[in-house]
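**Student:** For the sequence shown, the working numbering begins at 4 and goes up steadily by one.
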Amino acid sequence: MARLVLALTRGCEMKRWYRCVDVPLGVRIGIVLLAVAAAWMLMGAFGVAGPEDGADKLRHVSTLDGGAAPERALGSSAASTVTVSLSPSIRSVHAGESFTLAVEVASGAQTVNRVQAYVDFDPQYLQVLEISRGSVLVDEVYNAFDNTAGWADYVVEAIISGTAISTLTGTFTLNTITFQAVTATTGTTLTFHTAPPRETQVLSGSTVLSSTLSGSTVVIEPPTEHAIYLPLILRSYTPLRANFTADPTSGRVPLKVAFANESTGRYTDSLWEFGDGITSTQTSPTHTYTLTGTFTVTLTVMDAHGTPLLPSDVSTLARPNYITVYYESPPNAPSHMQATSISCSQFRLEWQDNSTDEDGFTIYEGANWVADVPANTTTYTAGGFAPGTYHCFRVRAYNEHGDSEWSDWGCGTTPACDDLIVNGGFEQDEGWEIPGTPYPATYTTAITRTGARAMRSGIVEVDDNRFSYSDFRQTVSIPTDAVSATLRFWLYRLSGETPYTPTFPLALLASDVEKMALADDLQYVLVLNQYNQIRRQLIWQRVDDQAWTFHEFDMLVHAGETVKLQFGVYNDGVDGVTAMYVDDVSLDVCVSEGQALEIRIDRRK
Numbered sequence: 004m005a006r007l008v009l010a011l012t013r014g015c016e017m018k019r020w021y022r023c024v025d026v027p028l029g030v031r032i033g034i035v036l037l038a039v040a041a042a043w044m045l046m047g048a049f050g051v052a053g054p055e056d057g058a059d060k061l062r063h064v065s066t067l068d069g070g071a072a073p074e075r076a077l078g079s080s081a082a083s084t085v086t087v088s089l090s091p092s093i094r095s096v097h098a099g100e101s102f103t104l105a106v107e108v109a110s111g112a113q114t115v116n117r118v119q120a121y122v123d124f125d126p127q128y129l130q131v132l133e134i135s136r137g138s139v140l141v142d143e144v145y146n147a148f149d150n151t152a153g154w155a156d157y158v159v160e161a162i163i164s165g166t167a168i169s170t171l172t173g174t175f176t177l178n179t180i181t182f183q184a185v186t187a188t189t190g191t192t193l194t195f196h197t198a199p200p201r202e203t204q205v206l207s208g209s210t211v212l213s214s215t216l217s218g219s220t221v222v223i224e225p226p227t228e229h230a231i232y233l234p235l236i237l238r239s240y241t242p243l244r245a246n247f248t249a250d251p252t253s254g255r256v257p258l259k260v261a262f263a264n265e266s267t268g269r270y271t272d273s274l275w276e277f278g279d280g281i282t283s284t285q286t287s288p289t290h291t292y293t294l295t296g297t298f299t300v301t302l303t304v305m306d307a308h309g310t311p312l313l314p315s316d317v318s319t320l321a322r323p324n325y326i327t328v329y330y331e332s333p334p335n336a337p338s339h340m341q342a343t344s345i346s347c348s349q350f351r352l353e354w355q356d357n358s359t360d361e362d363g364f365t366i367y368e369g370a371n372w373v374a375d376v377p378a379n380t381t382t383y384t385a386g387g388f389a390p391g392t393y394h395c396f397r398v399r400a401y402n403e404h405g406d407s408e409w410s411d412w413g414c415g416t417t418p419a420c421d422d423l424i425v426n427g428g429f430e431q432d433e434g435w436e437i438p439g440t441p442y443p444a445t446y447t448t449a450i451t452r453t454g455a456r457a458m459r460s461g462i463v464e465v466d467d468n469r470f471s472y473s474d475f476r477q478t479v480s481i482p483t484d485a486v487s488a489t490l491r492f493w494l495y496r497l498s499g500e501t502p503y504t505p506t507f508p509l510a511l512l513a514s515d516v517e518k519m520a521l522a523d524d525l526q527y528v529l530v531l532n533q534y535n536q537i538r539r540q541l542i543w544q545r546v547d548d549q550a551w552t553f554h555e556f557d558m559l560v561h562a563g564e565t566v567k568l569q570f571g572v573y574n575d576g577v578d579g580v581t582a583m584y585v586d587d588v589s590l591d592v593c594v595s596e597g598q599a600l601e602i603r604i605d606r607r608k
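1) Kindly confirm or deny that the region 384-402 and the region 426-436 touch, where touching means at least three C-beta pairs closer than 8 angstroms.
2) Can you tell me whether DSSP reads D316 as helix, strand or coil?
3) Which residue's Cα is closest to the Cα of Y270: D316, F298 and T297?
4) My understanding is that S487 touches P418, with C-beta atoms under 8 angstroms, so please give their C-beta distance in whole angstroms.
5) Looking at C-alpha atoms only, which residue of G579, Y503 and A400 is the closest neighbour of E665?
6) If you pair each beta-carbon of the region 467-474 with each one of the region 562-579, do three or more pairs fall below 8 angstroms?
7) Expressed to the nearest angstrom, what Euclidean distance is found between the alpha-carbon atoms of V108 and F148?
8) Taking the beta strand (DSSP E) that R469 belongs to, which residues open and close that run?
9) In terms of DSSP beta bridges, what is K259 paired with?
10) Output the distance between the C-alpha atoms of L559 and N426, rounded to the nearest integer angstrom.
11) Applying the criterion that 16 or more other CB atoms from any shown protein chain within 10 Å of the CB defines a buried residue, is F553 buried or exposed?
12) Apply the 10 Å Cβ neighbour rule to S498 and answer buried if 16 or more other Cβ atoms are within range, or exposed otherwise.
13) Can you tell me the Cα-Cα spacing of N246 and T252, whole angstroms?
14) Provide the residue span of the beta strand (DSSP E) that contains R459, from first to last.
15) Label R399 either buried or exposed according to how many other C-beta atoms from any shown protein chain fall within 10 Å of its C-beta, with 16 as the threshold for buried.
16) Contact defined as beta carbons within less than 8 angstroms: I believe D362 pairs with E403. What is the distance between those atoms, to the nearest angstrom?
17) Let me check understanding here. Comparing Cα to Cα, which of D523, R496, L494 and Y495 lies closest to P505?
18) Give me the residue from A249, G268, R496 and E555 with the minimum Cα distance to T291.
19) Run the CB neighbour count on T151, radius 10 Å, all protein chains shown included, and call it buried at 16 or more, exposed below.
20) Among the candidates E408, Y330, G386 and I326, whose CA atom is the shortest distance from the CA of F364?
21) Between which residues of its own chain and R322 is the CB-CB distance below 7 angstroms, once the five residues before and five after are set aside?
22) According to DSSP, is V51 helix, strand or coil?
23) Return helix, strand or coil for R249, following the three-state DSSP convention.
24) Grouping DSSP H, G and I as helix and E and B as strand, with all else coil, what is V425?
25) For chain C, find out if any of its Cβ atoms is closer than 7 angstroms to the Cβ of D591; answer yes or no.
26) Quick check: the Cα distance between D557 and N371, rounded to an integer number of angstroms?
27) Just the C-alpha distance for D484 and A336, rounded to the nearest angstrom, thanks.
28) Measuring alpha carbon to alpha carbon, tell me which residue in A510, R545, L490 and A457 is nearest E500.
Structure below.
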């Protein structure tokens, strides 16, 4: 859209046409009408010449009070006219009284969507009491006056919904300004009057057009005339609104931020203030923050095409505390450390992770390093502690920039524990019951893990092969208040038959182990109740590894029960023979701190 400017002045520079008249008691009024006209109107009805037509050759427009006819470039034509009048036409007031000036606009077919009225007055004689809106262009953008400096400024515009802009045509009241007359002499009468409405022609072309509107006067008695100048601007209107985004808006110093200018409307200049003392005039700059803190970012966009620079040509947006910059630093310290004993030698450690940038955690027990664990870990099991001992733990996070502060301490005591197995190393002839069978189990020195003896179950020599169970067992009572119960033992197994691990037949549960019928050689470890009925199978297989292997089972499920731990081998008497050596059996049971542990020993053999 072409921008058409009609400035009505008398012998002054165009650059400051709205402030160019210097009169002692004068009133200068500027009215800006922003009009939307289609391109065909500008090139047709307004007579805008094409590139070949020399559209910028229009140089002068005559005065409206009778003067030379305007010169026009070839192809130029007059557009619709706009008349401006002041109402009432005459009014006399005494000093101290008030009067109201109404600005009336008759735009005919010319569409209007923004109006600005700027008034200069001499505050020695006039004071503004109020500026009131008219009945049009309901969005009041600016309404202000200064009775010390002697100015008033008023801007209204259309309601904009998406791309739709409401417009005005015809005759309407822009606004009213209520003045109070003041003089140094009490009783002086001030007479205000205006000339009849006058037409203002708008001609095509991009060169500034000038004309004068005479006859609009303010008369203050004793009579002194002061011209009221009515500048008129018609131009295509797109609302100017500053807007921007940034990415990222927070990070460690130095922080490089890309700013995107997303302002709407036409603008020629941008001014960025980044909040750290640095500015930029690029449209969408990139800025690196080298200081830490929070920063308010301000963008001002301006449309400098045309003279003068109106309030509608400037828009500013400030985003308070928009950018946050902080130092590279170690991670935040973890907290809420808890140490819970889970056995006579172990603690479960738990803590709260308060950081998002740690590389891992370091755990200490007192002054002793325990472990390093990966990032985002919040639990760890620490072991190797003696029963009934007190320990305190703490943890800290770390990354490439250093260690965090320590967490709070988490402390606890391992439960008092006892081994319920009597003669677990088989060095004496006590603690174990050996049932009488065709080939019974027996203490042996042939193969041992530690000490001088172990227990042999099953048949070793092929010449001794026969149908026989070969078992031994011990009765234990696990306390109800046990917090842990762990069975541990070592096995040395051998067999002349093919190794296999059959499925334990559930039908054997609750059956009498001494009446158990098996089809093939087998090595087993069972949990029996006090009536020799099978409660649980721990090992049920045939293996020929001929090496000591370690086995461990949780027995806490049997807390409050009296059970028998049965080790045994079954030989069917055919094919090869199967045997098993057992050594270093223990059942470590830990109870809550302060509880006594009663140990029952079955000394039957």
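Yeah, the Cβ is synthetic: ideal placement off N, Cα and C, and Gly gets one too.
**Tutor:** According to the structure data:
1) no
2) Residue 316 sits at position 313 when you count from the first residue of the sequence shown. In this structure, D316 counts as helix in the three-state DSSP scheme.
3) Numbered from 1 along the sequence shown, position 267 holds the residue referred to as residue 270. When only C-alpha atoms are compared, the closest one is D316.
4) In the sequence shown, counting from the first residue as 1, residue 487 sits at position 484. In the sequence shown, counting from the first residue as 1, residue 418 sits at position 415. The pair is a contact, with the Cβ atoms about 7 angstroms apart (cut-off 8 angstroms).
5) In the structure displayed, the chain extends from 4 to 608; residue 665 sits before or after that span and is not available.
6) yes
7) Numbered from its first residue, the sequence shown carries residue 108 at position 105. Numbered from its first residue, the sequence shown carries residue 148 at position 145. Cα to Cα, the separation comes out at about 22 angstroms.
8) Taking the first residue of the sequence shown as position 1, residue 469 is located at position 466. Element bounds for R469: n/a, residue is neither H nor E.
9) Residue numbering aside, residue 259 sits at position 256 when the sequence shown is read from its first letter. Partner(s): T291.
10) One-based indexing of the sequence shown puts residue 559 at position 556. One-based indexing of the sequence shown puts residue 426 at position 423. Taking the straight line joining both Cα atoms gives about 21 angstroms.
11) The residue given as residue 553 occupies position 550 in the sequence shown. Looking at its Cβ environment, which holds fewer than 16 other Cβ atoms inside 10 Å, F553 is exposed.
12) Translated into the one-based positions of the sequence shown, residue 498 becomes position 495. Result: buried.
13) Start at 1 with the first residue of the sequence shown, and residue 246 comes out as number 243. Start at 1 with the first residue of the sequence shown, and residue 252 comes out as number 249. The straight-line gap from Cα to Cα measures roughly 15 angstroms.
14) As a working note, residue 459 is residue 456 in the sequence shown. Note, R459: beta strand (DSSP E), A457 to G461.
15) Here residue 399 refers to the residue found at position 396 of the sequence shown. Buried, because 16 or more other Cβ atoms sit within 10 Å of the Cβ of R399.
16) Locating residue 362 in the sequence shown gives position 359, counting from the first residue. Locating residue 403 in the sequence shown gives position 400, counting from the first residue. Right, the Cβ-Cβ distance comes to about 7 angstroms (below 8 angstroms), so this counts as a contact.
17) Indexing the sequence shown from 1 puts residue 505 at position 502. The residue with the shortest Cα to Cα distance from P505 is D523.
18) As a working note, residue 291 is residue 288 in the sequence shown. Here the closest residue by C-alpha is A249.
19) Translated into the one-based positions of the sequence shown, residue 151 becomes position 148. Counting Cβ neighbours within 10 Å, T151 comes out exposed, since fewer than 16 surround it.
20) Indexing the sequence shown from 1 puts residue 364 at position 361. For F364, the nearest C-alpha among the options comes from E408.
21) Within the sequence shown, the letter at position 319 stands for residue 322. Annotation for R322: T299 and V300 place their beta carbon closer than 7 angstroms to its own, counting only its chain and skipping 5 residues before and after.
22) In the sequence shown, counting from the first residue as 1, residue 51 sits at position 48. Because V51 carries a pLDDT of 31, less than 50, the predicted location of this residue cannot be relied on, and the following value inherits that uncertainty. Coil at V51, not helix or strand.
23) In the sequence shown, residue 249 corresponds to position 246, counting from 1. The question names Arg, but residue 249 is Ala in the sequence shown. Of the three classes helix, strand and coil, the one that applies to A249 here is strand, per DSSP.
24) As a first step, residue 425 is located in the sequence shown; it is residue number 422 there, counting from the start. Coil.
25) In the structure shown, chain C cannot be found, because there is only a single protein chain.
26) On the sequence shown, position 554 is the one that residue 557 refers to. On the sequence shown, position 368 is the one that residue 371 refers to. Answer to the nearest angstrom: the Cα atoms are 29 angstroms apart.
27) Taking the sequence shown and counting its residues from 1, the one referred to as residue 484 is at position 481. Taking the sequence shown and counting its residues from 1, the one referred to as residue 336 is at position 333. D484 and A336: Cα-Cα distance of roughly 37 angstroms.
28) Here residue 500 corresponds to residue number 497 of the sequence shown, with the count starting at 1. Of A510, R545, L490 and A457, the smallest CA-CA separation from E500 is found for R545.
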